[in-house]
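Reminder that position 149 of the sequence shown reads as 231 in the numbering used here, one-by-one numbering, no gaps.
Positions of the beta carbon are idealized from the N, C-alpha and C atoms, including for glycine.
None of the values given here were measured: they were computed from a predicted structure.
Written out below as structure tokens is the structure these notes cover.
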Amino acid sequence: MSQQETTFSGFVTLLGRTNVGKSTLLNALLNQKVSIVTEKPQTTQFLVKGILTEGNRQAVFVDTPGLHRPHSKYGEMFLGDIPKALEEVDLVVVLVEPGDRVEGGTAHLLEMLQKVEAPRFLVVNKIDLSTKGEALQTAKMIGEACSFDFVLPVSALKYENVDFLREKILEALPEGPFYYPEDYVTDLPQPLYVAEVIREKVMLLTRDEVPHAVGVLVDTIQEREDGAYYIEATLYVERESQKGILIGKGGSMIKKIGTLAREELEDVTGRKIILKTRVKVMKNWQNTDKAKLFRPQ
83 MSQQETTFSG
93 FVTLLGRTNV
103 GKSTLLNALL
113 NQKVSIVTEK
123 PQTTQFLVKG
133 ILTEGNRQAV
143 FVDTPGLHRP
153 HSKYGEMFLG
163 DIPKALEEVD
173 LVVVLVEPGD
183 RVEGGTAHLL
193 EMLQKVEAPR
203 FLVVNKIDLS
213 TKGEALQTAK
223 MIGEACSFDF
233 VLPVSALKYE
243 NVDFLREKIL
253 EALPEGPFYY
263 PEDYVTDLPQ
273 PLYVAEVIRE
283 KVMLLTRDEV
293 PHAVGVLVDT
303 IQEREDGAYY
313 IEATLYVERE
323 SQKGILIGKG
333 GSMIKKIGTL
343 AREELEDVTG
353 RKIILKTRVK
363 VMKNWQNTDK
373 AKLFRPQ
């Protein structure tokens, strides 16, 4: 890109109720994984930025936690991030899925949108799991409750219509300077990114009792002379019973978690990763000030 060329940039907030596919869509739009994805609700627990730069246009996507009823102080913290993501936003992309109605979290989300002056896109995700008629009916119903500048059915998982959506988002950006260097794909600090990868593997591998009671802190990241990264991380749970589940018989579960996390980190960095994990109990951490330890500082 020449220095004289006009640039276009902006913040694009992804909104939707829990488990509607925001993180999957973000990763698809970037063609790279920056936000962890599981089938469990409330996987995203803070604002995650993904940066897409194509030519003279840069979109800074903000992946938000799904709208839900919080059950802890920690849950209240990350739900409180959503209004922040709507401040000084340049485009809002609202995700729903076929069959959604104007009620519950979706109704609350549309109510929040009434105060936003930025352009709005409505994306009906998961069309690979529904009929075309059901997706169109949902778009019509949501569109009658709130006006949108553009409506598109997609399948983030199957990449259906994702390229077209990316194109329309970039076209909608206002004129302005880039916010990040052109090679950036996320602004997540390295320790937080590593912690998120580990937390994703916990959510994928453990039973329902454990996932949302787990917080991960990276204690050490050292680059060794041979180029390998040595990482130590501590997984915190709230009860001894959860600790036992997370460790598994003979350490089998924590070994699986570590192996999957290490393999992904090696794939992302192209470096050898030496990952050491431990599990500790921090009683009721989600309802104390200690919850702040597991969020971006």
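Whole angstroms are fine: how far does the CA of R353 sit from the CA of R139?
31 Å
Bridge partners for L96 per DSSP, in chain order?
D145 and V175
Identify whether Q368 lies in helix, strand or coil by the three-state DSSP scheme.
helix
Where are the alpha helix (DSSP H) runs, 4 residues long or more, that stay fully inside the region 206-236, in chain order?
214-227
Could you pull out every residue in the same chain whose Cβ sits closer than 6 Å to the Cβ of K104, ignoring the five residues on either side in sequence?
L96, G98, D145 and L177
Check whether the region 359-368 touches the region 303-321, taking contact to mean three or more Cβ pairs, one atom from each stretch, closer than 8 Å.
yes
Is the separation between the beta-carbon of L204 and that of G225 shorter than 8 Å?
yes
Applying the 10 Å Cβ sphere with the 16-neighbour rule, what's the burial state of F160?
Legend: pLDDT at F160 = 49, less than 50; position of this residue unreliable, value from coordinates given subsequently. Buried: at least 16 other Cβ atoms inside 10 Å.
Mapping DSSP to helix, strand and coil, what is F260?
coil
For L375, tell me which candidate among T359, V300 and G330 has the shortest Cα-Cα distance.
V300
Please state whether DSSP places V298 in a helix, a strand or coil.
strand
With DSSP as the reference, please indicate the residues paired to S91 in a beta bridge.
Q140
Opposite L204 in the DSSP bridges: which residues?
V176 and V233
Going by alpha carbons, who is nearest to V233 out of K240, L239, E169 and Q219?
Q219
Since V130 sits in a beta bridge, which residues does DSSP pair it with?
D145
Give a yes or no on contact between the region 321-339 and the region 274-285, applying the rule of three or more CB pairs nearer than 8 Å.
yes
Nearest candidate by alpha-carbon position, reference P147, set L191, F246, I339 and E185
L191
Buried or exposed: T188, going by 16 or more other Cβ atoms within 10 Å of its Cβ?
buried
Give the DSSP-derived three-state secondary structure of Q324 in the structure shown.
helix
Do L112 and V267 have their C-beta atoms closer together than 8 Å?
yes
Could you check if R306 is buried or exposed, using at least 16 other CB atoms within 10 Å of its CB as the buried criterion?
exposed
Measuring only the C-alpha atoms, how far is K115 from L347?
11 Å
With DSSP collapsed to three states, give me the class of E305.
strand
Would you give the residue range spanned by the alpha helix (DSSP H) that V350 belongs to?
S334 to T351
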